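Taken in sequence, the protein lines are chains D and S.
Quick note, the first sequence lines up with residues 1 to 138 if you use this note's numbering.
Quick note, the second sequence lines up with residues 139 to 275 if you use this note's numbering.
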Amino acid sequence: MGKKVAIFRKEHFNAAHRLFNPDWDDAKNMEVFGKCALPNYHGHNYELIVKIIGEPDEKTGYVMDLKKLSDLIEEKIIERFDHKNFNLDTEEFKNLNPTAENIAIVIYELLRPHIDQEKDLQIRLYETPRNFVEYPVD
Amino acid sequence: MVYLTRIEHFNAAHKLYNPNWSKEKNHEVFGKCANENWHGHNFELFVTIKGDPDPETGFIFDAKKLGALVTEKVTEKLDHRNLNVDVDFMKGKLCSIENLVIGIWNELEPHLPPPVQLHCLKLVETAKIYVEYYGNK
Chain D
1 MGKKVAIFRK EHFNAAHRLF NPDWDDAKNM EVFGKCALPN YHGHNYELIV
51 KIIGEPDEKT GYVMDLKKLS DLIEEKIIER FDHKNFNLDT EEFKNLNPTA
101 ENIAIVIYEL LRPHIDQEKD LQIRLYETPR NFVEYPVD
Chain S
139 MVYLTRIEHF NAAHKLYNPN WSKEKNHEVF GKCANENWHG HNFELFVTIK
189 GDPDPETGFI FDAKKLGALV TEKVTEKLDH RNLNVDVDFM KGKLCSIENL
239 VIGIWNELEP HLPPPVQLHC LKLVETAKIY VEYYGNK
């Protein structure tokens, strides 16, 4: 076994959303999601931390070139979600409630095909400085 | 004279959009911030008051009461709202943080009991952008 190292890249984006289950009426949505269900949306400064685990390459010493990882996150995630409304502006959340949990899963699935399959990928997403999620879980 | 700061926070949606301009002109001036379907932020509000400590309490003003006042007069109106659509004191105004901090000052300042004076509001929109307002001086 070689020596595995975790590398991290931090990016951020701003977006609007609301939490809403269309199968429920407004009263039930307010009961479950509280102010997060208000109809005219609210928003957050999301902070995204992408973690890649693997053995450093013998020739470069890199697990992955962090500049390339940054460019990949910019192209696949930030351009898609920054200054957007998750509910209205994105294909991914047309039929999916844009909770931090679901956003983290979607980000993982958007990035996974573009990262060496031998490397592990984990997403940490901060919705506020106090609320954050991780996916996948060990 | 001592300065006391209370920090509160709220999350909200907004867009930067001048209704007197075309969509193209709005995107030219405001860029991504003009997205018609809104975007949003975690805002942080720093409320700084000034005064002399009361001889009986040692307080300029009870910081817990200041927090409750800011919540009642300001953050309850803003938290999880759309600043362009839901907030009475921003109606008809451009929803920049410059205008928002002035609006917050006007909502809060009349409710501070004399001799407590509002000194400064600092409103943080992102980790890289904030404004400060010291009243209409």
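Glycine residues also receive a C-beta, built at the ideal position from the N, C-alpha and C atoms.
Predicted model, so just to flag it, every value in this text is computed and none were measured.
Range of the contiguous beta strand (DSSP E) that encloses residue i
i	result
lysine 266(S)	Looking at the DSSP string, lysine 266(S) is not in any beta strand (DSSP E), and its letter there is neither H nor E.
glutamate 134(D)	132–135
aspartate 120(D)	120–126
Per-residue contacts from residue i into chain S (C-beta, under 8 Å)
i	result
asparagine 14(D)	His177, Gly178, His179 and Thr264
aspartate 89(D)	Asn173 and Asn175
lysine 35(D)	Asp217 and His218
asparagine 102(D)	Those do not exist, as asparagine 102(D) stays about 17 Å from chain S at its closest Cβ, beyond 8 Å.
threonine 60(D)	Here the premise fails: no neighbours, minimum Cβ distance about 31 Å.
Chain S within 7 Å of residue i, Cβ atoms only
i	result
glycine 43(D)	yes
glycine 99(D)	Before going further, note that residue 99(D) is threonine rather than glycine in the sequence given. No, no contact with chain S.
asparagine 29(D)	no
asparagine 85(D)	yes
Delimiting residues of the alpha helix (DSSP H) encompassing residue i
i	result
leucine 96(D)	Here leucine 96(D) belongs to no alpha helix (DSSP H), and DSSP marks it neither H nor E.
leucine 105(S)	Since the first residue shown for chain S is 139 and the last is 275, residue 105(S) is missing from the structure and cannot be characterised.
glutamate 31(D)	26–33
phenylalanine 86(D)	86–89
asparagine 164(S)	161–168
leucine 207(S)	201–208
Environment of residue i [buried if 16+ CB atoms lie within 10 Å]
i	result
phenylalanine 199(S)	buried
histidine 44(D)	buried
aspartate 89(D)	buried
arginine 130(D)	exposed
glutamate 112(D)	The sequence shown places arginine at residue 112(D), rather than the glutamate named in the question. Arginine 112(D) should be labelled exposed.
asparagine 14(D)	buried
methionine 64(D)	buried
isoleucine 52(D)	buried
alanine 172(S)	buried
tyrosine 155(S)	buried
methionine 228(S)	buried
histidine 152(S)	buried
Residue i at chain A interface by Cβ criterion, 7 Å
i	result
asparagine 40(D)	Going by chain labels, chain A is absent from the structure shown, which instead holds the protein chains D and S.
Counterpart residues of residue i in DSSP-defined beta bridges
i	result
leucine 66(D)	For leucine 66(D), which the question treats as bridged, DSSP gives no partner whatsoever.
glycine 178(S)	Ala151(S)
alanine 6(D)	Ile53(D)
lysine 260(S)	Phe184(S) and Glu270(S)
isoleucine 145(S)	Phe184(S)
alanine 16(D)	Gly43(D) and Asn85(D)
glutamine 255(S)	Lys188(S)
arginine 219(S)	Ala150(S)
valine 140(S)	Gly189(S)
leucine 48(D)	Glu11(D) and Leu125(D)
Interface partners of residue i on chain D, CB under 8 Å
i	result
valine 223(S)	Asn40
Chain-ordered chain S contacts of residue i [CB-CB under 7 Å]
i	result
aspartate 82(D)	Lys170
Beta carbon proximity, residue i to chain D, threshold 7 Å
i	result
asparagine 164(S)	no
alanine 151(S)	yes
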